[in-house]
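Protein chains: 2
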Amino acid sequence: MGSKSIGKTDVEKLYTITELTREFGISTRTLRFYEDEGLVHPERRGRTRLFRHSDRRIIQNILRGRRIGFTIAEIREIILAYKDPPGESGQLTLMLRRVTEKRDELKQKRKDIEDTITELDLIEEQCLTRLAEIGVGT
Amino acid sequence: MGSKSIGKTDVEKLYTITELTREFGISTRTLRFYEDEGLVHPERRGRTRLFRHSDRRIIQNILRGRRIGFTIAEIREIILAYKDPPGESGQLTLMLRRVTEKRDELKQKRKDIEDTITELDLIEEQCLTRLAEIGVGT
DNA sequence: CATTCTATTGACCTTAACGTAAAAGTCAAT
DNA sequence: ATTGACTTTTACGTTAAGGTCAATAGAATG
Chain P
1363 MGSKSIGKTD VEKLYTITEL TREFGISTRT LRFYEDEGLV HPERRGRTRL FRHSDRRIIQ
1423 NILRGRRIGF TIAEIREIIL AYKDPPGESG QLTLMLRRVT EKRDELKQKR KDIEDTITEL
1483 DLIEEQCLTR LAEIGVGT
Chain C
1363 MGSKSIGKTD VEKLYTITEL TREFGISTRT LRFYEDEGLV HPERRGRTRL FRHSDRRIIQ
1423 NILRGRRIGF TIAEIREIIL AYKDPPGESG QLTLMLRRVT EKRDELKQKR KDIEDTITEL
1483 DLIEEQCLTR LAEIGVGT
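Protein chains in written order, with our numbering: chain P, 1363 to 1500; chain C, 1363 to 1500.
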């Protein structure tokens, strides 16, 4: 009801494709690809695409998923699950299993990352030690 | 000097390729690929490959790197950095920069993972709520 | 020795996620 | 009306990390 309500009468800011490519450091090809994949749904003014805030948020989600190694299919699955969780009981329990699966996978990944960070720390230490030796020797 | 010393006289256990594929759930093609890439260096008895403990450990490292989305090139880089850190000062500071880069990348990834886990928790909650509603309704 | 596994090499094949190039349309500014 | 920046569609190209298949070679076991 206030000035922050999002109704049909609001003038929502629309983004052009290059605005978004610049903001996120991706190519136009990538955004068109995501549209082909049904992940974003920009309006059209003539033929040109105009992206909404919701698309922008979805893109952020896609990029996050991409960073942690999810495929487009997996990312789509999560986005859909978030948007409209299934109504039928069987589908719901199935989704619960999938969620548990994914979460376990992510926890393993987190552990792998932490172990690798530790290893990098070790490498760093070795480098610093060597550098100190060399520094002393010269 | 004790029975745990690893000297030339030790009888080290050697692994055949299928032993390793079974242990790690990967294919022989994958192991040969890793050899072509210079990551493992099995001995040969005739033409058959025989892997040592060190190779086995390297394979574990490769798989860990793979899980967190590293490319073979990146994995190789880390393995080499661990095996023989460079001796020259310039190379050392360069490597220190690369280490910092990688670590930052991993920290971002860890954050992404944690955010995604939170999102999965939310989806799970929604599913459980819906299930409870349905359960009540029937 | 014959059979039966298992391994090896070499070659081409596959998939995801875009890259890249071509040809053409849009629109504001000069 | 031309330039220049941006956009579109179409379509073939690329890369990493193996998959798959065929032909061959050892190794082991009855």
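By construction, the Cβ of each residue, glycine as well, lies at the ideal position given by its N, Cα and C atoms.
Among the options, the one whose alpha carbon lies nearest that of residue i
i, options, result
"Asp1483/P", "Glu1487/C, Ile1440/C and Asn1423/C", "Ile1440/C"
"Gly1452/P", "Leu1493/C, Thr1378/C and Val1498/C", "Leu1493/C"
"Leu1442/C", "Asn1423/C, Thr1378/C and Arg1394/C", "Asn1423/C"
"Arg1418/C", "Val1498/C, Met1457/C and Ile1388/C", "Ile1388/C"
"Asp1477/P", "Thr1383/C, Asp1477/C, Leu1425/C and Met1457/C", "Leu1425/C"
"Arg1459/P", "Arg1459/C, Glu1450/C, Leu1490/C and Tyr1396/C", "Leu1490/C"
"Glu1381/P", "Leu1401/P, Leu1468/P, Glu1463/P and His1415/P", "His1415/P"
"Glu1495/P", "Glu1467/C, Gly1449/C and Leu1468/C", "Gly1449/C"
"Gly1497/P", "Thr1455/C, Phe1395/C, Glu1374/C and Thr1392/C", "Thr1455/C"
"Pro1447/C", "Gln1488/P, Arg1391/P and Glu1467/P", "Gln1488/P"
"Phe1432/P", "Asp1398/P, Gly1400/P, Leu1468/P and Arg1391/P", "Leu1468/P"
Beta carbon proximity, residue i to chain C, threshold 7 Å
i, result
"Lys1473/P", "no"
"Ile1437/P", "no"
"Ala1516/P", "In the structure as shown, chain P begins at 1363 and stops at 1500. Residue 1516/P is therefore absent and cannot be evaluated."
"Gly1387/P", "no"
"Ser1416/P", "no"
"Leu1482/P", "yes"
"Leu1442/P", "no"
"Leu1468/P", "yes"
"Pro1404/P", "no"
"Gly1400/P", "no"
"Ile1368/P", "Bear in mind that the predicted position of Ile1368/P carries a pLDDT of just 48, short of 50, making it unreliable; the figure below should be weighed with that in mind. Answer no: the Cβ-Cβ gap between Ile1368/P and chain C never drops below 7 Å."
Beta-carbon proximity of residue i to residue j, cut-off 7 Å
i, j, result
"Lys1471/P", "Ile1434/C", "no"
"Glu1481/C", "Val1461/P", "no"
"Arg1465/P", "Ile1430/C", "no"
"Phe1413/C", "Tyr1444/C", "no"
"Ile1437/C", "Gly1427/C", "yes"
"Arg1407/C", "Ile1379/C", "no"
Residue-chain proximity (residue i, chain P), Cβ-Cβ < 7 Å
i, result
"Lys1464/C", "yes"
"Val1461/C", "yes"
"Glu1487/C", "no"
"Leu1458/C", "yes"
"Leu1454/C", "yes"
"Arg1428/C", "no"
"Ile1479/C", "yes"
"Gly1499/C", "no"
"Gly1431/C", "yes"
"Ser1365/C", "Bear in mind that the predicted position of Ser1365/C carries a pLDDT of just 43, short of 50, making it too unreliable to give a figure here."
"Thr1371/C", "Caution applies to Thr1371/C, whose pLDDT of 48 falls short of 50 and renders its modelled position unreliable; the value that the coordinates give is listed next. No - not a single Cβ of chain P is within 7 Å of the one on Thr1371/C."
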